[in-house]
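Residue numbers (the numbering used here), protein chains in the order written: chain Z, 8 to 533; chain D, 214 to 592. For every residue, glycine included, the Cβ atom is placed at its ideal position computed from N, Cα and C. Being a predicted model, the structure only gives us computed values, none of them experimental.
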Amino acid sequence: MTGDRQAYDAIVIGGGHNGLVAAAYLGRAGKRVLVLEAGGIVGGGALAAELQHKYTLPAVSHLMDGLSASVVKDLKLARHGFAYAASGLPTVALDPDGRHLVLTGNAKDDEAFLSARGQDGAKWTAFARKLENSAAWLSPLLNRPPLVAASSSARGKLMARAVLAEASGERAREAFLSLAAKSVSDWVHEELEAPLLGGLVAFDATLGSTDAPYDAGTAFRLIYRHALKAKSGVAIPRGGIGALAETLVALIEGQRGEVWAEARASRILMDGTTACGVVLDNGIEVSAPLILSGAAPRETLLRLVGARYLEADLADRLSLGKAGGATAKINLALDGMPGFRGLTPEQVGGRIVIAPSLDEVEESALSARAGALPLDPVMEIVMPTCHDDSLAPSGHHIMSILVHQVPYEIEGGWEARREEFVQRAIRAVCRYAPDATDYILAGEVLTPPDLETKYGIRGGDWHQGGLNPFDLLGLRPEPELAGYATPVNGLYLCGAGCHPGGGVTGLPGKFAAETVLEAEARGGRT
Amino acid sequence: MSGGLPFRRHLRMTPLHAEVAVESRTNDWVERNGFTMAGHLDTPETEVFARYHRATLADISSRRRYRIAGREAMDCLNRLVTSDISKLEEGHFSPVFFCEENGLLVGEGSLARIGDTEFRLFTEEEVLSWLRRNSTGFQVHAEDVSAEGAGLELAGPLAEAALDEAGFEPLRLLLAGHAQTRELMGMPVLVLRHVGDVFEFWPEEDDAVPLWRHLMQAGREAGLQAIGEKTRDLVRIDRGTPRMGTDYLGALSAVSHDHVRTPFEMPGEINVDFDKPVFNGRAALRRMAVKSASHRIVALAVDDARDLTFAVVCKGERQVGVCTSLTFMPETGQHLALATVEAAACSAGGLTVEAEIRRELAVWREKLPVRIRPRPENR
Ligand SMILES: Cc1cc2nc3c(=O)[nH]c(=O)nc-3n(C[C@H](O)[C@H](O)[C@H](O)COP(=O)(O)OP(=O)(O)OC[C@H]3O[C@@H](n4cnc5c(N)ncnc54)[C@H](O)[C@@H]3O)c2cc1C
Chain Z
8 MTGDRQAYDA IVIGGGHNGL VAAAYLGRAG KRVLVLEAGG IVGGGALAAE
58 LQHKYTLPAV SHLMDGLSAS VVKDLKLARH GFAYAASGLP TVALDPDGRH
108 LVLTGNAKDD EAFLSARGQD GAKWTAFARK LENSAAWLSP LLNRPPLVAA
158 SSSARGKLMA RAVLAEASGE RAREAFLSLA AKSVSDWVHE ELEAPLLGGL
208 VAFDATLGST DAPYDAGTAF RLIYRHALKA KSGVAIPRGG IGALAETLVA
258 LIEGQRGEVW AEARASRILM DGTTACGVVL DNGIEVSAPL ILSGAAPRET
308 LLRLVGARYL EADLADRLSL GKAGGATAKI NLALDGMPGF RGLTPEQVGG
358 RIVIAPSLDE VEESALSARA GALPLDPVME IVMPTCHDDS LAPSGHHIMS
408 ILVHQVPYEI EGGWEARREE FVQRAIRAVC RYAPDATDYI LAGEVLTPPD
458 LETKYGIRGG DWHQGGLNPF DLLGLRPEPE LAGYATPVNG LYLCGAGCHP
508 GGGVTGLPGK FAAETVLEAE ARGGRT
Chain D
214 MSGGLPFRRH LRMTPLHAEV AVESRTNDWV ERNGFTMAGH LDTPETEVFA
264 RYHRATLADI SSRRRYRIAG REAMDCLNRL VTSDISKLEE GHFSPVFFCE
314 ENGLLVGEGS LARIGDTEFR LFTEEEVLSW LRRNSTGFQV HAEDVSAEGA
364 GLELAGPLAE AALDEAGFEP LRLLLAGHAQ TRELMGMPVL VLRHVGDVFE
414 FWPEEDDAVP LWRHLMQAGR EAGLQAIGEK TRDLVRIDRG TPRMGTDYLG
464 ALSAVSHDHV RTPFEMPGEI NVDFDKPVFN GRAALRRMAV KSASHRIVAL
514 AVDDARDLTF AVVCKGERQV GVCTSLTFMP ETGQHLALAT VEAAACSAGG
564 LTVEAEIRRE LAVWREKLPV RIRPRPENR
């Protein structure tokens with residue numbers, strides 16, 4: 008870091024993938040951008056952590072299924088070396104009795120596979136088609152910035168304007184309205200019988216939230232996630248999940264931009280009511296006429312700017328938003344491949360889900376809500392080394408376990424319960440891969456509070472804020488912030504707290520940068 | 214409050230209740246903010262005469278008072294209200310309005326700057342939770358001090374004379390808009406002077422009764438008369454000043470937005486300062502400012518001395534407004550009212566009210582012409 012008060016065209020707070028994407032779009036437009044990342048490594052929720060200088064762990068996120076093709080194309084990421092080690096990965100739903108289900112996403116194959124096992128073959132096809140159709144009308148809305156209303160008055164009216172107005176056609180609206188209030192359990196009970204499928208669907212519908220499958224709005228979440236899926240399906244980048252951030256950093260530096268790690272913004276400098284720079288926690292000040300923040304909206308506006316610069320209602324609504332983290336990570340370094348009973352090596356390289364039934368997902372959600380550890384945790388397991396042997400020494404493997412429904416605040420405190428949590432999670436894995444413990448060399452455990460302190464993910468929250476139908480589109484994160492601009496002149500939001508939400512998509516970053524550039528082209532800044 | 218059930222209704226008495234009760238010849242009581250207050254203490258004619266030609270004293274302890282103090286009290290309050298109070302000097306007070314994010318009024322009152330970092334806010338309605346919500350992010354503390362002390366209002370053309378008699382001559386020099394703590398009979402009393410010779414005294418609780426007695430006694434010479442809420446209300450209606458909770462509802466308590474008003478719909482000078490970069494409702498009010506308001510609160514007069522009431526304001530056959538405050542002015546034999554009327558209907562004349570007229574037990578309806586009265590400063 009050099010000198011006080013360096014001048015840049017734009018400063019991006021937060022080197023999560025969205026901040027980096029925003030910076031790269033601005034850099035592409037000729038701006039000199041400075042990215043400030045609080046942590047030692049950039050990437051935010053999509054970063055690679057080194058373990059013992061030998062293992063490249065997917066520290067937080069471990070799969071990419073929604074990276075926007077338009078971002079890849081606009082930024083020419085492939086030309087800069089970004090590629091998938093594997094894509095279109097199958098989903099494997101583990102069955103306690105060994106009758107696992109493998110879904111490829113190909114309707115014919117899946118129906119044949121399920122029918123052969125007497126597991127809802129035709130029903131699943133019908134269900135999947137309905138999901139596909141519902142996602143089809145939502146998807147265009149997620150792939151462009153939302154319509155924004157002028158004021159935050161009357162949420163109902165806004166909902167009509169911001170959400171329904173976008174859903175073109177009577178049928179789409181009907182579909183949205185009927186689904187917005189529905190729970191995924193209702194949907195599953197209406198259409199599916201096989202417990203494993205119910206468990207899988209409930210898992211996907213609630214992942215990344217504290218919702219339980221019986222909660223209203225979870226059917227919509229399932230559609231939402233599906234609508235954000237990229238054509239490449241479930242994928243793993245070559246070089247690990249951090250490859251995206253690394254590619255973006257190289258790109259930004261090639262555009263004369265700078266990326267500073269270990270540079271925590273402690274305050275946004277104001278000139279009257281215009282943002283004009285950033286003070287780092289080490290006292291260094293940097294200035295720029297444009298500030299974008301990829302940190303969570305609440306963090307940005309209440310802590311970095313300060314409630315005084317906002318109208319009280321907005322400050323109030325931002326401060327009420329509860330931290331929604333309910334996901335934990337366990338990353339293990341293994342000196343061999345554990346034997347998953349009943350799975351082929353190819354299937355072990357897929358997305359492995361342990362969620363035997365909808366009721367088990369419900370149960371773990373309820374215990375998490377009560378601040379307790381679920382007896383039988385539900386989880387998603389990925390072994391990236393099946394596709395990329397550069398991530399670990401030869402013959403060694405990485406097992407990335409994403410444990411769903413883990414409370415942020417736990418009874419007795421995380422200090423005392425951490426060991427028990429790990430034991431339970433590993434025991435659950437061993438039910439399917441009994442020898443897994445024999446291979447464990449080292450590992451790291453990240454509870455929701457750990458994700459916050461270690462990787463800057465507020466509240467350990469997947470989406471930087473809620474993701475029910477009333478937190479989306481022109482209502483995300485708040486109606487007056489939905490257009491990426493804020494009431495503070497010169498300050499924009501660009502993280503997952505904005506439309507279209509969390510996951511490694513790059514879309515919030517892209518839309519924010521485009522909004523900035525459009526506003527500039529129009530001659531105004533807000 | 215005593216230890217009864219939380220939902221049991223308690224009528225509370227102000228520290229001055231016993232003194233006021235002594236003056237009552239009518240046994241007419243009303244409720245204000247949970248307090249039992251005098252309606253009329255004497256005949257309306259006597260009270261109104263005293264208020265307009267002599268001097269009156271009233272118990273105003275039911276008004277809500279808030280203490281807002283802290284290093285950033287001014288910043289916090291300046292975001293709260295629509296006017297710019299950074300110019301409010303120590304020892305002064307000013308009328309304030311405050312809005313929520315849609316530019317709808319949440320509250321109104323008088324804001325007094327007691328010290329560099331200490332303010333008092335006087336309001337009709339409860340606003341503590343709103344103040345607290347507005348305190349986030351500021352070094353400020355807001356508390357309800359309504360239960361501390363009491364309030365007295367000395368008013369009328371001979372109010373100054375009454376002050377002289379009481380030995381409070383220096384208060385004559387207090388200018389309208391000032392709010393200062395003075396030593397009266399050895400007691401610290403916050404004194405506010407409003408236009409139109411209205412003095413408010415805010416003594417500590419134990420000092421309230423001695424001050425009341427002293428003023429009552431000294432003022433007899435000047436024809437000082439104790440009055441109740443109804444005459445104070447008459448003066449308010451005569452002056453064309455709407456009151457929240459009566460003439461319109463606060464945005465946080467109203468169920469329907471139809472009953473909520475914006476600053477632009479209030480009578481008189483519009484108290485919104487857009488030069489101030491951040492304040493609650495600014496964005497919405499700015500959008501509103503370019504359009505004309507749909508409704509207005511106006512002062513009405515019906516020149517008819519019969520015993521009558523009315524609520525509906527019409528233009529031709531169509532209802533265009535609702536009357537929310539009504540009083541009879543014995544001095545002129547007029548009915549005075551405040552009403553919310555469609556702005557478009559306010560310009561040309563032709564307004565009527567649907568009056569119910571009584572004579573002993575007979576009641577009948579008549580359409581009576583009504584006129585919009587200019588604001589007092591223009592009269
Ligand atoms: C446990 C877990 C597992 C997940 N798994 C997946 C997955 O497998 N696939 C998937 O697609 N998504 C996954 N997600 C979601 C995904 O990680 C996030 O939605 C995504 O990372 C959001 O990206 P972002 O750039 O908007 O924000 P973030 O990645 O949160 O980045 C914000 C960045 O800002 C930095 N920052 C914050 N405050 C400051 C400050 N004051 N100064 C400087 N820097 C600051 C932070 O350090 C951080 O690097 C997971 C989330 C969690 C919590």
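Asked: Contiguous beta strand (DSSP E) assignments of at least 3 residues, all confined to the segment 389-461 of chain Z; Found: 404-411 and 447-453
Asked: Extent of the continuous beta strand (DSSP E) to which Z:G224 belongs; Found: Where Z:G224 is concerned, there is no enclosing beta strand (DSSP E), given that its DSSP letter is neither H nor E.
Asked: Own chain residues within Cβ distance below 6 Å of Z:T307, not counting five before or after; Found: S300
Asked: Supposed contact pair D:R280 and D:E356 - C-beta distance, whole angstroms, cut 8 Å; Found: 5 Å
Asked: Local conformation of Z:I48 per DSSP, three classes; Found: coil
Asked: Cut-off 6 Å between Cβ atoms - residues of its own chain near D:E236, not counting five sequence neighbours on either side; Found: L254 and A439
Asked: Boundaries of the beta strand (DSSP E) in which D:K443 is found, first to last residue; Found: From DSSP, D:K443 is part of no beta strand (DSSP E) but of the alpha helix (DSSP H) over E442 to R452.
Asked: Burial state of Z:T351, where buried means 16 or more other Cβ atoms lie within 10 Å; Found: exposed
Asked: Contact the segment 510-530 of chain Z vs the segment 145-157 of chain Z: 3+ CB pairs below 8 Å; Found: yes
Asked: Z:S216 CB to nearest heavy atom of ligand 1 below 8 Å; Found: no
Asked: Close beta carbons around D:G316, own chain, < 6 Å, minus the five adjacent residues each side; Found: T475, G494, A497, L498 and M501
Asked: Cα-Cα separation between Z:S190 and Z:F134, rounded to whole angstroms; Found: 15 Å
Asked: Closer than 8 Å: Z:M386 CB and nearest ligand 1 heavy atom; Found: no
Asked: Any 3 or more C-beta pairs closer than 8 Å across the segment 502-522 of chain D and the segment 564-574 of chain D; Found: yes
Asked: Helix, strand or coil at D:A379 [DSSP, three-state]; Found: helix
Asked: Interface flag, D:V491 vs chain Z, CB-CB below 9 Å; Found: yes
Asked: Which listed residue (D:H548, D:K300 and D:A372) has its alpha carbon closest to that of D:E382; Found: D:A372
Asked: Chain Z within 9 Å of D:E373, Cβ atoms only; Found: no
Asked: Z:T217 in three-state terms, based on DSSP; Found: coil
Asked: N- and C-terminal bounds of the alpha helix (DSSP H) containing D:G432; Found: E418 to G432
Asked: Cβ shell of Z:R263 (< 6 Å), same chain only, five flanking positions each side left out; Found: R39
Asked: Any non-hydrogen atom of ligand 1 within 8 Å of Z:D478 CB; Found: no
Asked: Inter-stretch contact (C-beta, 8 Å, three-pair minimum) for the segment 232-242 of chain Z and the segment 400-411 of chain Z; Found: no
Asked: Cβ shell of Z:A55 (< 7 Å), same chain only, five flanking positions each side left out; Found: T63, L64, P65, A66, G247, I248 and G249
Asked: Unbroken stretches of the beta strand (DSSP E), 3 residues or longer, contained in the segment 32-86 of chain Z; Found: 40-43, 55-58 and 62-65
Asked: For D:Q547, the residue or residues it bridges with in DSSP; Found: D:M542
Asked: Under 9 Å between C-beta atoms of Z:S192 and Z:Y221; Found: yes
Asked: Where Z:I259 falls: helix, strand or coil (DSSP); Found: helix
Asked: Under 8 Å (Cβ pairs) to chain D, residues found in the segment 314-336 of chain Z; Found: A314, R315, Y316, L317, E318, A319, D320, L321, A322, D323 and S326
Asked: Cβ pair count under 8 Å reaching 3, the segment 252-268 of chain D against the segment 432-449 of chain D; Found: yes
Asked: Inter-residue Cα distance where the pair is Z:S326 and D:E314; Found: 16 Å
Asked: Simplified DSSP assignment, three categories, for Z:M8; Found: Bear in mind that the predicted position of Z:M8 carries a pLDDT of just 43, short of 50, making it unreliable; the figure below should be weighed with that in mind. Looking at Z:M8 - three-state DSSP - the assignment turns out to be coil, as it is neither helix nor strand.
Asked: Z:G279 at chain D interface by Cβ criterion, 9 Å; Found: yes
Asked: Short CB-CB distance (under 9 Å) between Z:P244 and chain D; Found: no
Asked: Residue-chain proximity (Z:P304, chain D), Cβ-Cβ < 9 Å; Found: no
Asked: Which listed residue (Z:F89, Z:G88 and Z:W131) has its alpha carbon closest to that of Z:G109; Found: It is Val, not Gly, that sits at residue 109 of chain Z in the sequence shown. Z:V109 has its Cα closest to that of Z:W131, out of Z:F89, Z:G88 and Z:W131.
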